[in-house]
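Written out below as C-alpha cells is the structure these notes cover.
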DNA sequence: TATTACCCTACTTAATTGGTAGGGATTTCA
DNA sequence: TGAAATCCCTACCAATTAAGTAGGGTAATA
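Chains as they are written, first to last, in my numbering: chain U, 1 to 135; chain W, 136 to 270.
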C-alpha cells in the first residue's frame with residue numbers, strides 16, 4: 001500500500017506545480033484544497049524540503065515553492081524520499097541493498113527472480129514520469 | 136515491502152514445484168529446507184489450500200502438494216491470495232476498488248495517474264510469470 | 001488403536017502509520 | 001519596533017498490522 005505520506009506529498013507537489021508563478025504557497029492553502037490534515041502535511045513538506053525538492057520562506061507571505069522545473073522532478077526521487085525503497089525486498093534494491101538472512105543463494109531464489117522484474121518495471125514507470133507528466 | 140507471508144508462501148510453492156512427483160510433502164520438511172518458522176508456515180499453507188492453490192492429505196504420510204501444473208499457477212493469483220491487492224491504492228485496484236475519500240476527481244488526480252501505470256506494469260510482470268517460470 | 005500430520009483459535013510483541021499538541025524561531029509589514 | 005504570520009521542531013498517542021507462539025483438536029493411516 002502507498003502511504004498517506006507519499007500520497008499527500010505527491011498531491012502537494014502537484015498543487016505547487018499547477019500554480020503559475022513561483023510565489024510561496026502556504027501550508028494552510030494546500031492542506032485545505034487537497035483535504036489534508038495541516039499538521040501532517042507540514043511534516044511532509046518539511047521532509048521534501050530537507051531532501052532538496054522544495055524551498056521555503058518564513059514569515060508573512062512565506063510558504064513553500066518548487067525549486068526546480070516540474071520536468072526535472074522525477075518520480076524515482078519523489079518515491080524514494082517519501083516512500084523509501086522502490087524494491088519490495090531489500091535483496092533487489094539498488095539504493096538500499098541488503099542480503100536475505102534466510103536465503104542461501106540469491107541467484108536461485110524464486111522470490112528474488114520475481115521481485116527483480118517487479119522492481120524493474122516500477123522503475124521504468126517512475127523514470128518515465130516527471131512531475132510535469134502528472135499534470 | 137513484501138510481507139514474509141508472501142515470501143515464505145512463494146518459497147514453499149517453489150519447493151513443491153521442484154519436487155518431482157506429486158507426493159505430499161510435510162510442513163516440517165519445507166520449513167526446515169527453506170528456513171521458515173514451522174508454525175507460521177503452517178498458517179500460510181493453509182490459506183494457500185483454502186484458496187485452491189494446494190491440496191493436503193492428513194495422517195501418516197500426509198502433507199501438502201500442488202494440485203495444478205506449475206505452468207498453470209500464475210503470479211497474479213499467488214500475489215492476490217498472499218499479499219492482497221496488486222494496486223498500491225484502492226482507487227486503481229481491479230479486484231478491490233474503492234473510491235478515495237479526499238479526492239474529488241479521480242481523472243484529475245496525479246496519484247491516480249501514476250499508480251495506474253505502476254499497477255499495469257506490475258500486472259504485466261505477474262501475468263507473464265507462472266510458478267514454472269521461477270524455477 | 002496409536003501415531004502422524006494437518007487443522008484451528010487465541011494470544012503476544014514490536015513496529016509502523018497517521019496523526020495531535022504545543023511551543024519555538026524567523027521574517028515581514030504596519 | 002513590535003505584532004502577526006508562517007515555517008520549524010520535538011514529543012506524544014491510538015489504531016493497526018506483521019510475524020510469530022502456544023496449545024490443543026481432528027482425521028487418516030499403518
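Every residue gets a Cβ at the ideal spot worked out from N, C-alpha and C, and that includes glycine.
Distance, residue j Cα to residue i Cα
i, j, result
"residue 98 of chain U", "residue 168 of chain W", "22 Å"
"residue 143 of chain W", "residue 161 of chain W", "15 Å"
"residue 203 of chain W", "residue 11 of chain U", "44 Å"
"residue 1 of chain U", "residue 120 of chain U", "18 Å"
"residue 21 of chain U", "residue 187 of chain W", "57 Å"
"residue 112 of chain U", "residue 88 of chain U", "10 Å"
"residue 5 of chain U", "residue 196 of chain W", "50 Å"
"residue 262 of chain W", "residue 42 of chain U", "40 Å"
"residue 189 of chain W", "residue 115 of chain U", "22 Å"
"residue 163 of chain W", "residue 102 of chain U", "16 Å"
"residue 49 of chain U", "residue 79 of chain U", "14 Å"
"residue 267 of chain W", "residue 107 of chain U", "16 Å"
"residue 235 of chain W", "residue 19 of chain U", "24 Å"
"residue 182 of chain W", "residue 175 of chain W", "11 Å"
"residue 36 of chain U", "residue 194 of chain W", "56 Å"
"residue 258 of chain W", "residue 212 of chain W", "11 Å"
"residue 13 of chain U", "residue 227 of chain W", "20 Å"
"residue 210 of chain W", "residue 94 of chain U", "23 Å"
"residue 201 of chain W", "residue 66 of chain U", "54 Å"
Distance CB(residue i)-CB(residue j) smaller than 7 Å
i, j, result
"residue 199 of chain W", "residue 180 of chain W", "yes"
"residue 85 of chain U", "residue 96 of chain U", "yes"
"residue 134 of chain U", "residue 245 of chain W", "yes"
"residue 70 of chain U", "residue 31 of chain U", "no"
"residue 117 of chain U", "residue 260 of chain W", "yes"
"residue 3 of chain U", "residue 73 of chain U", "no"
"residue 24 of chain U", "residue 57 of chain U", "yes"
Where the segment 97-115 of chain U meets chain W: residues whose CB sits under 9 Å from a CB there: If the cut-off is 9 Å between Cβ atoms, the segment 97-115 of chain U has 100, 101, 102, 103, 104, 109, 110, 111, 113, 114, 115 near chain W.
List in chain order: all unbroken alpha helix (DSSP H) runs of 4+ residues lying wholly within the segment 225-263 of chain W. Listed in chain order, the complete alpha helix (DSSP H) runs (minimum 4 residues) inside the segment 225-263 of chain W are 245-262.
Quick one: which residues of the segment 71-99 of chain U get their C-beta closer than 7 Å to a C-beta of chain W? List them in chain order. From the segment 71-99 of chain U, only 75, 88, 89 have a Cβ closer than 7 Å to chain W.
Between the segment 118-129 of chain U and chain W, which residues of the former have CB atoms less than 7 Å from a CB of the latter, in chain order? Legend: CB atoms of the segment 118-129 of chain U lying less than 7 Å from CB atoms of chain W belong to residues 118, 121, 122, 124, 125, 129.
Can you list, in chain order, the stretches of the alpha helix (DSSP H) that have 4 or more residues and sit fully within the segment 7-73 of chain U? Whole alpha helix (DSSP H) segments, 4+ residues: 27-34, 38-50.
In the segment 28-58 of chain U, which residues sit with their C-beta less than 8 Å from some C-beta in chain W, listed in chain order? Residues of the segment 28-58 of chain U that bring their beta carbon within less than 8 Å of a beta carbon in chain W comprise 34, 35, 36, in sequence order.
Residues in the segment 9-26 of chain U having any Cβ partner in chain W nearer than 7 Å: Closer than 7 Å at the C-beta level to chain W, one finds these residues of the segment 9-26 of chain U: 10, 11, 14.
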